[in-house]
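**Student:** Add 1308 to the 1-based position in the sequence shown for my numbering, that's all there is to it. Cβ coordinates follow ideal geometry from the N, Cα and C atoms, glycine included.
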Amino acid sequence: MKAVIDTNVLLVANGQHDEVSTDCVTECVKRLQAIQQKGIVVIDDEFRILREYQNKTSLNPPKGVGDVFLKWLLRNAGSVQVEQIILTETAENCFAEFPDPVLEPVFDAPDRKFAAVAHAHPEKPPIWQAADCKWLDWWPLLRAKGVEVDFLCPTDACAFYVKKFPNKSVPQLPS
């Protein structure tokens, strides 16, 4: 198991997202614990992903599973369980490794690093996504470039999509 992990997975596992289902929290907790046991986390070489995790979680003392995961990740950053991918930042939050230059301008700037890391990795590991519904619009174009999005909480993501974009149909989920 190898993955690029969006920050919202840690936040959901911490209980920092009040509107998600208990099933979503359980799934995020299960995935983070599983990857610590027998997986590989893929991050960028400049620690942009780690800094975002640190800005949105609590390390001292860790309060939730996402916090504990981050502490584990920081301790293991030099081990075989963490792979670092070189990104070339061409402008703030813009990367030469981003999979689709047409998609990049409409993609949330802080989320671009996750797609760039997944695309730059030779194995193109999936991006774990919890409840950020905007990824429902982006995954087909990412898939066309070889990057998969693994929606850990598809029901929650779809429900948030309906709330956020009431005049749009909910996109199909990846199969």
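So, with DSSP's three-state summary, where would you put LEU1395?
**Tutor:** LEU1395 falls in the coil class under three-state DSSP.
**Student:** Would ALA1424 and LEU1395 qualify as a contact pair, given that the criterion is a beta-carbon distance under 7 angstroms?
**Tutor:** Closer than 7 angstroms, so yes.
**Student:** Determine the DSSP secondary structure at ALA1311, reduced to helix, strand or coil.
**Tutor:** Residue state, collapsed to three classes: strand.
**Student:** Can you look up GLN1437 in the DSSP assignment and give me helix, strand or coil?
**Tutor:** Residue state, collapsed to three classes: strand.
**Student:** May I have the straight-line CA-CA distance separating VAL1478 from ASP1326, to the nearest angstrom?
**Tutor:** One C-alpha to the other measures close to 22 angstroms.
**Student:** What does the alpha-carbon distance come out to for the pair VAL1455 and LEU1378?
**Tutor:** VAL1455 and LEU1378: Cα-Cα distance of roughly 24 angstroms.
**Student:** Figure out for me which residue from THR1315, TRP1447 and CYS1332 has the closest Cα to the Cα of LEU1411.
**Tutor:** Ranking the options by Cα distance to LEU1411, first place goes to TRP1447.
**Student:** Please give the ranges of any beta strand (DSSP E) in the region 1358–1421, keeping only runs that are unbroken, at least 3 residues long and fully inside the region.
**Tutor:** As far as the region 1358–1421 is concerned, its whole beta strand (DSSP E) runs of at least 3 residues are 1390–1393 and 1397–1399.
**Student:** Are the Cβ atoms of PHE1422 and ILE1435 separated by less than 7 angstroms?
**Tutor:** Yes; because the gap between Cβ atoms is below 7 angstroms, this pair is in contact.
**Student:** If I measure Cβ to Cβ from ASN1384 and keep anything under 6 angstroms in the same chain, skipping five residues before and after, which residues do I get?
**Tutor:** Hits under 6 angstroms: VAL1390.
**Student:** Who does VAL1320 pair with in a DSSP beta bridge?
**Tutor:** The partner list for VAL1320 (beta bridge, DSSP) is empty, contrary to what the question assumes.
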